[in-house]
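Residue numbers (the working numbering): 22 to 441.
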């Protein structure tokens, strides 16, 4: 046990980070032109994909949190979220953010909620895991249509991604401590009752009074916080874009391919596959593109690798999550463990169910819906398009998700009130 603690000691981690930083600086000095082009590529992806996706939702989340509306919504969603996942009702907003915009906005909301004491540490860690999903635009429009040139395959990948995330949430529910429920939460789970709606209204008023900011001050702070968070994301994307470029210049893939050739594998295929997996471990967009371009793999194996990389999310995204929960007691090691669990579940589920799922979806003439359908129907491409025109369908998708959760929560509260 002491040996393991020494192996993962903070001093060793600091040493590794320091050596990596020095190596990156040396690479930038040695290859300045390549580093500059890589940073421009990261900036380009940030402006086209991330900025329009997150800006309205980051501002809206901070604004509604200051007005107390998030806490009121949490009271309405409490019966459903507590009953199914042992999560606070306000987690419904976080889950909808992750489903609509991706993991960064969910992590930003969780960090803010934990700092003001709205959620416990265990709830925050589980919400951080549950909200780390990619939106349908990326999976259906970018990976399916843009990379695989097959909207049905994108829809199948989306189904596997969200199904594996749901399985992970249920798995974490089993290990959740019921002691983490507050008395008000237990009362909310017991059913709607005559005080269900008044309790939600009281939670909203209490949160608004505790915040105390005027609307003008709150609006300005919300815009400032949203822009600041977006610049953090942009910086992470540019840095990791440079890191991937520096790694490609070291010819590590060629060395791995040479080793694989000793065991009978084709050198070119081994190098391409290793490069794709290494890229995907760092950045999900470029990794998914590399795997989708690898045509020699069987379709089921290709889909399984895509599901694994999408579920993993990339170290670039993980660094962004880490920056948003900095200053809280949320354990990043728990988050990384959940990424490994989600990756394994998604890989296994895709490998097992890909062929029957594709057969079932191919027989169905229905198209992917809402924002994912808009991207697919317009033949959206990562090379030439941006997400700015898709903000309206994304807002519609987000509102629809919240409405469905509210209806399910009312139904859950009704069932629990009948039971008691």
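Every residue, glycine too, gets a C-beta built ideally from N, C-alpha and C.
Which residue wins for smallest C-alpha separation from residue i, given the options the options?
i, options, result
"residue 225", "93, 162, 257, 381", "93"
"residue 127", "428, 419, 438, 431", "419"
"residue 195", "77, 299, 103, 44", "103"
"residue 371", "46, 432, 156, 183", "183"
"residue 324", "360, 374, 340", "374"
"residue 65", "298, 256, 364, 369", "256"
"residue 273", "295, 246, 114, 109", "295"
"residue 268", "239, 241, 251, 299", "299"
"residue 174", "327, 364, 49", "327"
"residue 144", "190, 242, 218, 50", "190"
"residue 249", "79, 137, 157", "79"
"residue 242", "88, 301, 124, 321", "88"
"residue 149", "163, 352, 365", "352"
"residue 163", "434, 348, 222, 331", "331"
"residue 160", "147, 333, 237, 177", "177"
"residue 363", "170, 334, 129, 318", "334"
"residue 231", "68, 86, 38, 43", "86"
"residue 185", "48, 438, 427, 366", "366"
"residue 60", "261, 347, 306", "261"
"residue 433", "168, 338, 99, 152", "99"
"residue 170", "77, 251, 314", "314"
"residue 158", "111, 152, 172", "172"
"residue 110", "234, 431, 439", "431"
Residue i by DSSP, collapsed to three states: which one?
i, result
"residue 320", "helix"
"residue 187", "helix"
"residue 154", "coil"
"residue 339", "helix"
"residue 181", "helix"
"residue 487", "Shown here, the chain extends from 22 to 441; a query on residue 487 therefore has no answer."
"residue 309", "helix"
"residue 142", "helix"
"residue 214", "Low local confidence applies: a pLDDT of 48 at residue 214 is under 50, so the model's placement there is unreliable, with the coordinate-based value given in what follows. Correct three-state label for residue 214: coil."
"residue 171", "coil"
"residue 346", "coil"
"residue 109", "coil"
"residue 137", "coil"
"residue 432", "helix"
"residue 334", "coil"
"residue 315", "coil"
"residue 233", "coil"
"residue 304", "coil"
"residue 426", "helix"
For residue i, report the span of its alpha helix (DSSP H) as first-last.
i, result
"residue 115", "112-122"
"residue 244", "236-270"
"residue 79", "72-88"
"residue 376", "353-384"
"residue 35", "31-51"
Are any of the Cβ atoms in chain C nearer than 9 Å to that of residue i?
i, result
"residue 33", "Within the model displayed, chain C is absent; a lone protein chain is all it includes."
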